[in-house]
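**Q** Going letter by letter, the sequence shown gives residues 24 to 515 in our numbering. For each residue, glycine too, the CB sits at the ideal point set by N, CA and C. Remember, it's a predicted structure, so these values are computed and weren't measured experimentally. Before anything else, here's the structure in question.
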Amino acid sequence: MEPQIYRIRPESTFSAEYPLSECDRQIPARFIRKAFIYAMDENISSTSKDGKNLIRRLQESLKLQIQELNPETFTYPQLLGRVIKPADGRPSYIRVEESSAIQLKVINRPDIEFGNLHRNGKFPLETITTGVFGVGLEKEDLMNWPDGPPNLAIQLTFVYGGFVLLLAFDHRICDAYGASGFVKRWFRQARLGAVADFEHENGLIPTFAIHDKTVLSRTELEGSEHAAQKLRALYDNSQPSNRSPNKWIQTSSEAVSKVFWIPAHKIKELRSAVGETSSLTPTIYESILILLWRSIIRIRITPETELASTMSKAAIIMCMRKRLEPPLPTDYFGNAVAGIFAMQPLSNFKEEDFISRAIEEVQEAKRLDGTGLNLQVASLLVGEQLQKFGIGPPMNLLGYDVIFNSWEHLYLSTEDLDLGIGQFCTMRFLMDSPVSPSYICTLPTYGRRSMDLKDSSSCQYPGGLELQINLLENEMALLQKDEKWLKYATVV
């Protein structure tokens, strides 16, 4: 059966323009792809009763989310449009036209057995691929769409015994946190229909506030510049004198992506083991970061590079929403993240006291550079370098630098992703291909990090933590043999 293409528009079409913040404009043309995976007790397809009902629910609830902005309803009209880069050099913005629509592609794949997508309830990335569950939604395909890449494109794939819903967001309009706010409201509307209501944590409904870009559009900031000073030094040390442009995000066709699982009891063991070597108490996230940072860099060190003068940078991506003054709403729709740097010389990575030194460096970076003002000033500096010289953050992702990000708290419960049809299993993050090496992302835990669930075929989230790790193929093979890493983690 040929794919069915639905073009979803609001009940009342409109045209409008929406600004991007300074933070949004730093993002290159990349896409956030979230694949939500659901199991069904009975078979489902686009022609079955449940399948037709799901397609209808998704369309009707989406129509309510993409109306014009108004003070009474949460809406996301930016999803209808395209990012426009004016030829006259004016700042980029989002344009919505009367004809704008969101594409929903529906595909039936009865040849794919849902049971073959998972192993003991865990879903390897190689079974959830863009090639199957996002046909035409690879970066190259989206960039070549008429009138430019869409801000959102969707594919719903029915397989034998379940379905996968893939959403592809243009990263320039929002980060993963902003996208999750939309997803939770859209899915709730689909699940509950007309009775769905939304309240802010204070009992108020700040419908315009989640779109207000005033704070992140400031270019004149007063106060500490600790993080910016560190960044300026990194730029000066890492760029050649002729300031030749570096790619914002380095990619490699030799990079592979895998998901690793750390069960709840192993998380406790890891934090305890890391904490034993230091007078400082690390968080669980810091413990995992430090263990992985050491494992990855030790794989890469050669006798020629193992010098005290060669530094490895760990970029830690931090959400600015609650750190700014005034703080942004939790579901602020846009990009509101910035990176801070923890650094260690390569010669430290084989030393006995590496962990204690790394804990100190990571915690100091978070304390000094992780304030709202420092994050915003550093973000502006990155934007300035991109605008003036076309140079992204000073990182060598094919060398000795690593990026750490966390999506753990995007969805606080599996109920956030209930569509009223099927059983939600998990979400997979499908990166642009080829993937960015040296990027590690902690995936959502749906509030179940502390649960220790045994392996089963029920497809329920297994508890503990899942991490998506991207490395060059030969490095991934070595990581999968690293005894210190495998003491806590297993590949899914």
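Kindly indicate which three-state DSSP category E499 falls into: helix, strand or coil?
**A** It is Met, not Glu, that sits at residue 499 in the sequence shown. DSSP places M499 in helix when its eight states are reduced to three.
**Q** Residues in its own chain within less than 7 Å of N371 by CB, not counting five upstream and five downstream?
**A** F377 and R380
**Q** Would Y484 pass as a contact of I426 if the rule is Cβ separation under 8 Å?
**A** If you check the CB distance, Y484 and I426 do not come in under 8 Å.
**Q** Once DSSP output is grouped into helix, strand and coil, what is the label at P100?
**A** In the structure shown, P100 sits in a helix (DSSP, three-state: H, G or I).
**Q** Of the choices P286, L494 and Y355, whose alpha-carbon is the least far from that of N419?
**A** Per the Cα distances, L494.
**Q** At 4 residues or longer, and completely inside the region 289 to 353: list those alpha helix (DSSP H) runs for me, N to C.
**A** Whole alpha helix (DSSP H) segments, 4+ residues: 307 to 323.
**Q** Just to confirm my understanding: we take L501, look at its own chain, exclude 5 residues before and 5 after, and list those with CB closer than 7 Å. What are they?
**A** The residues are I322.
**Q** With DSSP as the reference, identify every bridge partner of K281, one or two as the case may be.
**A** I492
**Q** Could you check the C-alpha separation between L435 and S473 for me, to the nearest Å?
**A** 13 Å
**Q** Say whether the region 82 to 102 touches the region 200 to 212, bearing in mind that this needs 3 or more beta-carbon pairs closer than 8 Å, one atom from each stretch.
**A** Contact between the region 82 to 102 and the region 200 to 212 is present, because at least three Cβ pairs lie under 8 Å.
**Q** Quick check on the burial criterion: 16 or more other C-beta atoms within 10 angstroms. Buried or exposed for Q410?
**A** exposed
**Q** In the DSSP assignment, find the unbroken alpha helix (DSSP H) run with Q212 in it and report its ends.
**A** That run of the alpha helix (DSSP H) goes A199 to L215.
**Q** According to DSSP, is M166 part of a helix, a strand, or is it coil?
**A** It is helical.
**Q** So, helix, strand or coil for A176, using DSSP?
**A** strand
**Q** Let me confirm a value: L442 is counted as buried when at least 16 other C-beta atoms fall within 10 Å, else exposed. Which label applies?
**A** buried
**Q** From S540 to E40, what does the alpha carbon distance come to, in whole angstroms?
**A** No statement about residue 540 is possible, as the shown extent of the chain runs from 24 to 515 and does not include it.
**Q** Closer than 6 Å by C-beta to I339: which residues in its own chain qualify, once you throw out the five before and the five after it? Chain order, please.
**A** Excluding its 5 nearest sequence neighbours in each direction, I339 has C-beta neighbours in its own chain below 6 Å: I363 and F427, listed in chain order.
**Q** Label W168 either buried or exposed according to how many other C-beta atoms from any shown protein chain fall within 10 Å of its C-beta, with 16 as the threshold for buried.
**A** exposed
**Q** For F231, does the count of other Cβ atoms within 10 angstroms reach 16, so buried, or fall short, so exposed?
**A** Under the 10 Å beta carbon count, F231 is surrounded by fewer than 16 other beta carbons and is classified as exposed.
**Q** Tell me whether D439 sits in a helix, a strand or coil according to DSSP, three-state version.
**A** helix
**Q** Would the beta-carbon of M343 fall within 8 Å of that of L398?
**A** yes
**Q** Sort out for me which residues DSSP pairs E136 with in a bridge.
**A** Y183
**Q** Quick one: Cα of G171 to Cα of R30, how far?
**A** 16 Å
**Q** Return the first residue and the last residue of the alpha helix (DSSP H) that N397 is part of.
**A** G395 to F412
**Q** Alpha carbons only, please: which of I492, P460 and C46 is nearest the one belonging to T242?
**A** C46
**Q** Use the C-beta contact count for M166: other C-beta atoms within 10 angstroms, 16 or more gives buried, fewer gives exposed.
**A** exposed
**Q** The beta strand (DSSP E) that contains E40, what's its start and end?
**A** A39 to P42
**Q** Give the straight-line distance between the Cα atoms of C448 and A191, rounded to the nearest whole angstrom.
**A** 19 Å
**Q** Beta-carbon within less than 6 Å of Y511's beta-carbon, same chain only, minus the 5 sequence neighbours each way: which residues are those?
**A** I285, K289 and L293
**Q** Name the residue from A361, D475, L92 and N174 whose alpha carbon lies nearest to the alpha carbon of A11.
**A** The question about residue 11 has no answer, for the chain in this structure spans 24 to 515.
**Q** Report yes or no: do three or more beta-carbon pairs, one from the region 180 to 190 and one from the region 53 to 63, lie closer than 8 Å?
**A** In short, these stretches touch, since the Cβ pair count reaches three.
**Q** So, is D134 buried or exposed, given that buried needs 16 or more other C-beta atoms within 10 angstroms?
**A** Result: exposed.
**Q** Rounded to the nearest angstrom, how far is the Cβ of V129 from that of S115, given a contact under 8 Å?
**A** So it is not a contact: roughly 32 Å between Cβ atoms.
**Q** Under 8 Å by Cβ, that's how I've got E161 and T152 pegged, so tell me the actual separation to the nearest angstrom.
**A** Not confirmed; about 10 Å, so no contact.
**Q** Assuming Q446 is part of the beta strand (DSSP E), what are its boundary residues?
**A** Element bounds for Q446: Q446 to F452.
**Q** For the alpha helix (DSSP H) that contains K389, what are its first and last residues?
**A** F377 to D392
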